[in-house]
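Visitor:
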Amino acid sequence: MTADDYICHMQKVGILGGGQLGRMLLQAAANYPVETFVLENDAECPSAHLCDHFTKGDIRSFDAVYQFGKGLDAITIEIENVNTEALEKLESEGVKVFPKPSVLKTIRNKILQKKYYADNSIPSPAYIVTDNLAALQQQSDFLPAVHKIGEGGYDGKGVQVLRKPEDITKGFDAPSVLEKMVDIDKEIAQMVAVSSTGEIALYPPVEMLFDHSLNLLDFQLCPATINEKTLWKVEAIAVQVVKNFKSPGIFAIELFVDRSGAVLVNETAPRVHNSGHHTIEAHFSSQFDMLWRIILGFPLGNTDAILPSVMVNVIGAEGYSGKVKYEGLEEVLGIDNAFVHLYGKKATKPGRKMGHVTVLSKEKQELIHQANKIKSLLSVQSTSD
Ligand SMILES: Nc1ncnc2c1ncn2[C@@H]1O[C@H](COP(=O)(O)OP(=O)(O)O)[C@@H](O)[C@H]1O
Ligand SMILES: [Mg+2]
């Protein structure tokens, strides 16, 4: 193919889900010869007005996904909870699917995901499967542990920390993973790009700092402050994770570094991810730019950082629900090295991801300083009317 071939053929590409990840993917699409389609139930979702064609429909419905995908060149996701049977049928009819439906099936069920790590000798915390609460009650010897629901959990919903036998009642009465509590030193995320020809590109890992009361990411530093040996372990494990999926796409691998220096995979997302938001401004090719390169068959981009960065999530404040009002936005917009992203969600609620801010600087101290400043200045509230 020559460059002219690329320009002549506008590929039709669909995205399942219309949240902020889809919105940022669509922003990056504007640089490429691609006609975009979004399927989502909420016609006011963050992606609805940025795509070329919006279809209102349920991403979990076979018919909705199949009808949406028929006739497209390629389809991708911004959330795992989609109808994989429809994607398999579309794949068999020649629609390219990023990531492969087989990977989605493995990943979106935490029991199958843990089995995948075990089967492929990928280090991950020790675990057992519990089918229901009665089965969990038999496992008090396994505590302290973290109980994770097999399907449907996200952003900390679907995860319960069980320290002592009395906590067991907080567990899930559904097929779940009971995972040994890790003595965490650092939480790291490694973004990986895999092209259709199997080429792999790694972004520098990021270090995640959590708000443990909300179980949500507080802010995130790039690059992670880890020693070289830990970096090698993280990279080797990440490659091992994506290699065995045998699927093109973008992958976000969350890992723990424990206090003995061991590196363990926590979980993987087979899509663009919150832990790659900083790549929009801080890296030569962002995770969104990279996914378009992968889907459209262009060469992979450069994952190097232009500058170190910090990313702060902008999250709905406690006690406020409804029509959104941003407090402190002007002050944050006045910070020289900050990039503000608001996702266009009409309503806020406590803990909802409403936006993020990325700060670039050569100095780590400056990054931390600005992150704390942004956290204290900016708050998502609601109007009383
Ligand atoms: N085995 C574990 N040991 C200690 N902490 C854990 C363990 N598993 C999860 N956590 C904590 O809970 C958080 C959420 O768990 P995770 O499996 O990533 O669920 P989610 O799908 O909600 O992101 C992690 O980021 C980590 O802080
Ligand atoms: Mg997680």
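The sequence shown lines up with residues 2 to 386 when you count with the numbering used here.
We put the beta carbon where it would ideally sit given N, CA and C, even for glycine.
1) Would you check whether ligand 1 has a heavy atom nearer than 7 Å to the C-beta of I185?
2) Drop a sphere of 10 angstroms on the beta-carbon of N121, count the other beta-carbons inside from all chains shown, and report buried for 16 or more, exposed for fewer.
3) Buried or exposed for K101, going by 16 or more other Cβ atoms inside 10 Å?
4) Identify whether D168 lies in helix, strand or coil by the three-state DSSP scheme.
5) Using the Cβ count rule (16 or more neighbours within 10 Å means buried), how would you classify R164?
6) Can you determine whether any heavy atom of ligand 4 sits closer than 7 Å to the C-beta of E268, and answer yes or no?
7) Can you give me the Cβ contacts of G320 inside the same chain, cut-off strictly under 8 Å, excluding the 5 residues immediately before and after it?
8) Restricting to Cα atoms, I'd like to know which of G95, V360, A146, L134 is closest to I281.
9) With three or more C-beta pairs closer than 8 Å as the rule, is the segment 65-73 touching the segment 26-40?
10) Are I251 and V266 closer than 8 Å when you measure CB to CB?
11) Keeping to the same chain, check which residues put their C-beta closer than 7 Å to that of G58; ignore five residues upstream and five downstream.
12) With distances taken from CA atoms, which of I295, V242, Q366 is nearest I123?
13) Under 7 Å Cβ to Cβ from A372, same chain only, skipping five residues before and after it: list those, please.
14) Which same chain residues end up closer than 7 Å to F285 when comparing Cβ atoms and leaving out the 5 residues on each side of it in sequence?
15) Please classify G70: does DSSP put it in a helix, a strand, or coil?
16) Whose C-beta lies closer than 7 Å to the C-beta of E86 among residues of the same chain, with five residues either side of it excluded?
17) Taking 7 Å as the cut-off, is the beta-carbon of M192 closer than that to any non-hydrogen atom of ligand 1?
18) The alpha helix (DSSP H) with V104 in it runs from where to where?
19) With a threshold of 8 Å between beta-carbons, can C223 be considered close to chain D, or not?
20) What three-state label does DSSP hand D64 in the structure shown?
21) To the nearest angstrom, how far is it from the Cα of G18 to the Cα of I78?
22) Our contact map puts H148 next to L113 with C-beta atoms below 8 Å; I'd like the distance itself, whole angstroms only.
23) For H170, count neighbouring Cβ atoms within 10 angstroms of its own Cβ and tell me buried if that reaches 16, exposed if not.
24) Tell me the residue span of the beta strand (DSSP E) that contains L51.
25) Confirm, please, whether the CB-CB distance from L256 to I189 is below 8 Å.
26) Do R24 and G317 have their CB atoms nearer than 8 Å?
27) DSSP has V98 in a bridge; who is on the other side?
28) Please classify E81 as buried or exposed, where buried requires at least 16 other C-beta atoms within 10 Å of its C-beta.
29) Figure out for me which residue from R272, L51, A237, H279 has the closest Cα to the Cα of A263.
30) Of the residues K365, G329, H370, K324, which one's Cα is nearest the Cα of T226?
31) For ligand 2, I want to know if E94 counts as a neighbour, meaning its beta carbon is within less than 7 Å of at least one of the ligand's heavy atoms.
32) Just curious, the alpha helix (DSSP H) that H370 is in, first and last residue?
33) Going along the chain, which unbroken runs of the alpha helix (DSSP H) with 4 or more residues stay wholly within the segment 282-351?
Guide: Concretely, from the data shown:
1) Within the sequence shown, residue 185 is the residue found at index 184, counting from 1. Yes.
2) In the sequence shown, residue 121 corresponds to position 120, counting from 1. Exposed, since its Cβ has fewer than 16 Cβ neighbours within 10 Å.
3) Residue mapping note: residue 101 aligns to position 100 of the sequence shown, counting from 1. When all chains shown are included, K101 counts as buried.
4) By one-based count along the sequence shown, residue 168 stands at place 167. When DSSP states are grouped into helix, strand and coil, D168 belongs to the helix group.
5) Indexing the sequence shown from 1 puts residue 164 at position 163. When all chains shown are included, R164 counts as exposed.
6) With respect to small molecules bound, the structure shown includes ligand 1 and ligand 2 and not ligand 4.
7) If you number the sequence shown from 1, residue 320 lands on position 319. Correct list, in chain order: P351.
8) Here residue 281 refers to the residue found at position 280 when the sequence shown is read from its first residue. Checked all of G95, V360, A146, L134; the closest Cα to I281 is V360.
9) The segment 26-40 is in contact with the segment 65-73.
10) The count along the sequence shown starts at 1 and reaches residue 251 at position 250. The count along the sequence shown starts at 1 and reaches residue 266 at position 265. If you check the CB distance, I251 and V266 do not come in under 8 Å.
11) For the purposes of this step, residue 58 is taken as residue 57 along the sequence shown, with counting starting at 1. Answer for G58: L40, N42, A65, F69, listed in chain order.
12) As a first step, residue 123 is located in the sequence shown; it is residue number 122 there, counting from the start. Closest by alpha carbon: V242.
13) Translated into positions along the sequence shown, residue 372 becomes position 371. Excluding sequence neighbours, A372 sits near F220, V311, V313, V360.
14) On the sequence shown, position 284 is the one that residue 285 refers to. Around F285, the same chain offers G302, N303, D305, I307 as residues with beta carbons nearer than 7 Å, after the five sequence neighbours per side are excluded.
15) Here residue 70 corresponds to residue number 69 of the sequence shown, with the count starting at 1. Looking at G70 - three-state DSSP - the assignment turns out to be helix.
16) Along the sequence shown, read from residue 1 onward, the residue named residue 86 stands at position 85. Answer for E86: F63, listed in chain order.
17) For this step, residue 192 is matched to residue 191 along the sequence shown. No, since every heavy atom of ligand 1 falls outside the 7 Å radius drawn around the Cβ of M192.
18) By one-based count along the sequence shown, residue 104 stands at place 103. For V104, the enclosing alpha helix (DSSP H) starts and ends at 102-109.
19) Going by chain labels, chain D is absent from the structure shown, which holds only one protein chain.
20) On the sequence shown, position 63 is the one that residue 64 refers to. Helix at D64.
21) Taking the first residue of the sequence shown as 1, we reach residue 18 at position 17. Taking the first residue of the sequence shown as 1, we reach residue 78 at position 77. The C-alpha of I78 is placed about 6 Å away from the C-alpha of G18.
22) Working through the sequence shown from its first residue, we reach residue 148 at position 147. Working through the sequence shown from its first residue, we reach residue 113 at position 112. Not confirmed; about 17 Å, so no contact.
23) If you number the sequence shown from 1, residue 170 lands on position 169. Note that residue 170 is Thr in the sequence shown here, rather than His. With fewer than 16 Cβ atoms within 10 Å of its Cβ, T170 is classed as exposed.
24) For this step, residue 51 is matched to residue 50 along the sequence shown. First-last for L51: undefined, no H or E at that position.
25) On the sequence shown, residue 189 is found 188 positions in, with the first residue counted as 1. On the sequence shown, residue 256 is found 255 positions in, with the first residue counted as 1. In contact: I189 and L256 (Cβ atoms closer than 8 Å).
26) Here the question's residue 24 lines up with position 23 in the sequence shown. Here the question's residue 317 lines up with position 316 in the sequence shown. In this structure, G317 does not lie closer than 8 Å to R24 by Cβ.
27) Within the sequence shown, the letter at position 97 stands for residue 98. The secondary-structure analysis by DSSP pairs V98 across a beta bridge with I76.
28) Taking the first residue of the sequence shown as 1, we reach residue 81 at position 80. The residue is buried, with at least 16 neighbouring Cβ atoms inside 10 Å.
29) Taking the first residue of the sequence shown as position 1, residue 263 is located at position 262. Relative to the Cα of A263, the nearest Cα in the group R272, L51, A237, H279 belongs to A237.
30) By one-based count along the sequence shown, residue 226 stands at place 225. It is K365 whose Cα lies nearest to the Cα of T226.
31) Working through the sequence shown from its first residue, we reach residue 94 at position 93. False, no ligand heavy atom lies under 7 Å from that Cβ.
32) Numbered from 1 along the sequence shown, position 369 holds the residue referred to as residue 370. Annotation: the continuous alpha helix (DSSP H) that includes H370 extends over 365-378.
33) Listed in chain order, they are 288-297, 330-334.
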